[in-house]
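Below is one structure; the comments refer to it alone.
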Amino acid sequence: YRRQRQMCIRDRFLSAAGGWPSTTNGCEGPTKKEYGTNHVDIYHLAFDAAADEFAQWTVVMPSDWDGGTITAVFYWTYETGSAGQTVKFYIQGRSYANDDALDQAFGTAVGVSDTAIAANDLHVSASTAAVTIAGAGASELVQFRVYRDVSEDDLAGDALLLGVMITFGRS
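One point on numbering: in this note's numbering, the residue at position 105 of the sequence shown is 108, and numbering is uninterrupted.
This is the structure we're talking about:
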């Protein structure tokens with residue numbers, strides 16, 4: 004009798020409050036917005052409709068990360084635009100071990116489109132396909148980069164990214 008090993012997965016949320024605009028072609032933010040009736044405060048990163056814009060996060064992955072691919076789900080909203088329009092976000096990453104040069108290429112970006120439902124409502128995208136983090140390894144520092152590709156969407160206004168949930172395998 005053989006016992007089949009179940010794959011363990013884990014999530015990590017990259018909040019807009021913990022991200023920052025890239026120096027080159029950076030998005031706006033992080034910016035705190037209060038929704039007035041109930042005084043709900045939410046941070047967002049604003050990705051413009053006119054040009055591709057980028058944001059980044061730095062995290063240390065846990066010691067039980069299997070170093071395999073990740074997937075990402077984008078949490079976002081908008082204020083200007085119309086229901087039925089789409090936005091497309093991409094994510095890519097680079098992992099660094101001790102004594103690795105920091106100026107290295109990110110892994111291949113993988114994106115997902117989502118459709119606008121209603122302004123100032125929470126939108127949750129589908130999960131991306133598998134994303135390979137360049138140089139991946141457990142307990143390593145990982146630099147994530149997210150961007151909006153405006154040539155692949157038609158949302159008329161800013162896409163306000165609230166955060167990104169990454170899911171990864173554990174060993």
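We treat Cβ as the ideally placed atom computed from N, Cα and C, and that holds for glycine.
Beta-carbon proximity list for residue i, same chain, < 6 Å, skipping 5 on both sides
i, result
"A112", "Y93, Q95"
"C11", "R173"
"A133", "T72"
First and last residue of the uninterrupted beta strand (DSSP E) at residue i
i, result
"I12", "11-18"
"P33", "31-38"
"Q88", "No beta strand (DSSP E) contains Q88, which DSSP labels as neither H nor E."
Cβ-based burial, residue i [other Cβ within 10 Å; buried from 16]
i, result
"L163", "buried"
"K35", "exposed"
"T74", "buried"
"R8", "Only weak support is given to the placement of R8: the predicted model assigns it a pLDDT of 48, under 50, and the question is left unresolved by the model."
"V76", "buried"
7 Å CB neighbourhood of residue i in its chain, flanking five on each side removed
i, result
"T135", "T72, G110, T111"
"T140", "For the record, residue 140 in the displayed sequence is Gly; it is not Thr. Contacts found: G70, S98, A100."
"A19", "G32, P33, Y46, H47, L48, L164, L165, G166"
Residues that residue i bridges to, as DSSP identifies them
i, result
"A49", "E31, L163"
"E56", "R151"
Residues of its chain near residue i, where Cβ-Cβ distance is below 8 Å and the 5 sequence neighbours each way are ignored
i, result
"T83", "A122, A159, G160, D161"
Contact with chain C by residue i, beta-carbon distance below 8 Å
i, result
"G160", "No chain C appears in this structure, which consists of one protein chain only."
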